[in-house]
Amino acid sequence: MGFVETFFNWEVLVSSLPLLLTGLRVTLTLGAVSIVAGLVLGLFVSLLRLYGVMPLRILARIYIDVFRSIPILVLLIVVYYALPFVGLRLSPFMSAATTLTLISGAYTAEIFRAGIQAIPRGQFEASQALGLRYRHMMSDVILPQAIRIVIPPLTGNCINVIKDTALASVVAMPDLLKQATQAQALEANPTPLIVAALMYLAILWPLVLLVGRLEDRFRREAAS
Amino acid sequence: MSDATPIVSVRRVSKRFGAFTALNEVSLDVAAGEVVCVIGPSGSGKSTLIRCINLLETYDPPGEIVVDGIRVQRGPELASVRAEVGMVFQSFNLFPHMTIRDNIALAPKRVRGLDAATAANKADVLLQRVGIAAQADKYPHQLSGGQQQRVAIARALAMEPKVMLFDEPTSALDPEMVGEVLDVMNTLAHSGVTMIVVTHEMGFARQVADRVVFMDSGEVVETGPPEAVFDRPQKARTQAFLDAVLRH
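Chains X and R, in that order, are what the protein sequence lines are.
Under my numbering, the first residue of the first sequence is numbered 1, with each subsequent residue one higher.
Under my numbering, the first residue of the second sequence is numbered 1, with each subsequent residue one higher.
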């Protein structure tokens, strides 16, 4: 068998494509759910970490540090295989989404914290002096400015979350990687794996380029 | 001044950081419509004092500050008290992501509950008043420092505060822009706005103030009408300061 028939076998590609596309859909759904949930969680935790009452502030900090330290695969396996022993049995999708959200939330919280802390003190003081309540100060003055700062690192974090969805295949989640390995076994040919790899690249490469461009633009704006 | 209830009453306010005393038992009453200029060397506590009035700085018990009958302290009422105290900062602190009009309209919308059209209209009227109506749709970074500071004054006025605090409003400006900001403040002073102004502009203080307060080392050293403080200072420290700043 030649190189092309082995790695880019057209018939294998055609017959395995439906399976790969269902896997792709699961991967994208898992990525999207985890990214959105991680953003909400991260914003909430960053505000607790910065402005919460002391015990909550400490808890937020512990959460952030723990979930940035633990290997994602370890957490995933704990959630999927260990939690059932205390009666908490999550589906593969829920296990993966929970794991990715918890970890993304910790990173996102640190990104938001850095973004909020980069806003000059005068912006907080001007808001307070005008009599704005905390809620409006954050929603109208601080966060709109912080969001601009955090968009490049948040996009970087999205890339990581989408990459990490591939780990979910170890808890039997039918994501892109899992379907690709299955198709490979079925066809006794590695073409599905190659196609899956190209699909990951097709999603993530543009995001990587986007981060670079956003960072450049932000640097230019900061310099001007 | 003693016959009317003061709008701002500062009673024995102290602030210490470790061994350093930023404010030492400062008391000051300001009546409605009065213009008080606070002068003194850098580090004398004058900025700290006016930042205590809207609690941007905390101060030590048992001192207290009362604005329009309400004690300024942490708690649910703080935002409402702050809404009655306008503040203009040395560094303008405009909101860079909003147009000039939105900068001014935000707090009237969010705090006073004005609808968007009324608030925008109010912003335009105020921009007229500070002489930069044409800039309403621009963003702060497109304006000169003097224009930005005039916007900041309009933004504070939009809340129709009981008192306006100015924290060295011309210190960050290029010299050629100081005049336009002082002109606006002069007009305000003559229109009956209660003002407490921390400033190094001795000419402005002499011309506009009803009362001048000289501070040094966290204490009010001397207070009185501008002619008295500038021309016949009673204390040696006042005399020394005036000699230093008015020598040229």
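For each residue, glycine too, the CB sits at the ideal point set by N, CA and C.
Per DSSP, the bridge partner or partners of residue i
i, result
"R:Cys37", "R:Val197 and R:Val212"
"R:Phe17", "R:Phe20"
"R:Glu77", "DSSP lists no partner for R:Glu77."
"R:Val229", "R:Val229 is not bridged to any residue."
"R:Gly86", "R:Met164"
"X:Val150", "According to DSSP, which records beta bridges pairwise, X:Val150 is partnered with nothing at all."
"R:Gly224", "R:Val212"
"R:Leu262", "Past the boundaries of the shown model lies residue 262 of chain R; chain R is included only from 1 to 248, so the question cannot be answered."
"R:Val67", "R:Val8 and R:Ile70"
"R:Asp60", "R:Ser14"
"R:Glu219", "R:Asp216"
Partners in chain X for residue i, counting only beta-carbon separations shorter than 8 Å
i, result
"R:Ala83", "Leu130 and Gly131"
Nearest residue (CA-CA) to residue i, options the options
i, options, result
"R:Asp216", "R:Ser144, R:Ser191 and R:Thr238", "R:Thr238"
"X:Ala97", "X:Asn9, X:Tyr200 and X:Ala37", "X:Ala37"
"X:Arg39", "X:Ala109, X:Leu19, X:Pro55 and X:Asn189", "Per the sequence shown, the amino acid found at residue 39 of chain X is Leu instead of Arg. Minimum Cα distance to X:Leu39 is reached at X:Ala109."
"X:Leu48", "X:Ile35, X:Ser34, X:Ile64 and X:Val33", "X:Ile64"
"R:Gly43", "R:Thr21, R:Ala172 and R:Glu222", "R:Thr21"
"R:Arg211", "R:Pro226, R:Met202 and R:Glu201", "R:Pro226"
"R:Ile7", "R:Ala32, R:Glu64 and R:Lys46", "R:Ala32"
"R:Cys37", "R:Arg51, R:Val67, R:Val178 and R:Phe166", "R:Phe166"
"X:Leu50", "X:Arg113, X:Phe67 and X:Gly105", "X:Arg113"
"R:Leu182", "R:Thr194, R:Gly192 and R:Ala205", "R:Ala205"
"R:Val151", "R:Ala19, R:Pro140, R:Val10 and R:Met159", "R:Pro140"
"X:Ala60", "X:Ile77, X:Glu11, X:Leu210 and X:Gly42", "X:Gly42"
"X:Lys178", "X:Glu221, X:Gly52, X:Val26 and X:Gln145", "X:Val26"
"R:Ile65", "R:Ile100, R:Lys15, R:Phe89 and R:Gln90", "R:Lys15"
Min CB distance residue i to chain X below 8 Å
i, result
"R:Val35", "no"
"R:Leu49", "no"
"R:Ser144", "no"
"R:Ser171", "no"
"R:Leu126", "no"
"R:Ala261", "Since the first residue of chain R shown is 1 and the last is 248, residue 261 of chain R is not available in this structure."
"R:Ala154", "no"
"R:Ala79", "yes"
"R:Val8", "no"
Through-space distance from residue j to residue i, alpha-carbon basis
i, j, result
"X:Asp164", "X:Phe93", "13 Å"
"R:Val220", "R:Ile53", "15 Å"
"X:Ala185", "X:Gly31", "25 Å"
"R:Pro76", "X:Glu125", "17 Å"
"R:Val213", "R:Ile39", "6 Å"
"R:His97", "X:Ile142", "10 Å"
"X:Leu176", "X:Arg89", "23 Å"
"R:Arg155", "R:Met185", "14 Å"
"R:Met195", "R:Glu34", "6 Å"
"X:Tyr81", "X:Leu214", "40 Å"
"X:Leu17", "X:Met199", "11 Å"
"X:Val4", "X:Thr99", "38 Å"
"R:Ala133", "R:Glu201", "27 Å"
"R:Asp29", "R:Asp124", "34 Å"
"R:Ala333", "X:Gly115", "For chain R, the structure presents residues 1 to 248; residue 333 of chain R sits outside this window and is missing."
"R:Gln147", "R:Asn93", "13 Å"
"R:Ser91", "X:Trp205", "42 Å"
"X:Ala196", "X:Trp10", "14 Å"
"X:Val208", "R:Val163", "52 Å"
"R:Arg74", "X:Arg133", "13 Å"
"X:Gln128", "R:Arg82", "7 Å"
"R:Lys122", "R:Ala19", "47 Å"
"R:Leu55", "R:Val26", "15 Å"
"R:Ser2", "R:Ser9", "Because R:Ser2 sits at a pLDDT of 47, beneath the cut-off of 50, its placement in the model cannot be relied upon, and the point is left open."
Listed by chain order, chain X residues near residue i by CB distance under 9 Å
i, result
"R:Val111", "Leu130, Gly131, Leu132, Arg133 and His136"
"R:Phe89", "Gly122, Glu125, Ala126 and Ala129"
CB contact below 8 Å: residue i versus chain R
i, result
"X:Asp216", "no"
"X:Gln145", "yes"
Under 7 Å by beta carbon: chain R residues contacting residue i
i, result
"X:Val141", "Phe95"
heavy atom of the ligand MN below 7 Å from residue i C-beta
i, result
"X:Asp164", "The ligand MN is not part of the structure shown, which contains no ligands of any sort."
7 Å Cβ cut-off: residues of chain X touching residue i
i, result
"R:Met159", "Leu130 and Gly131"
"R:Asn54", "Ala129"
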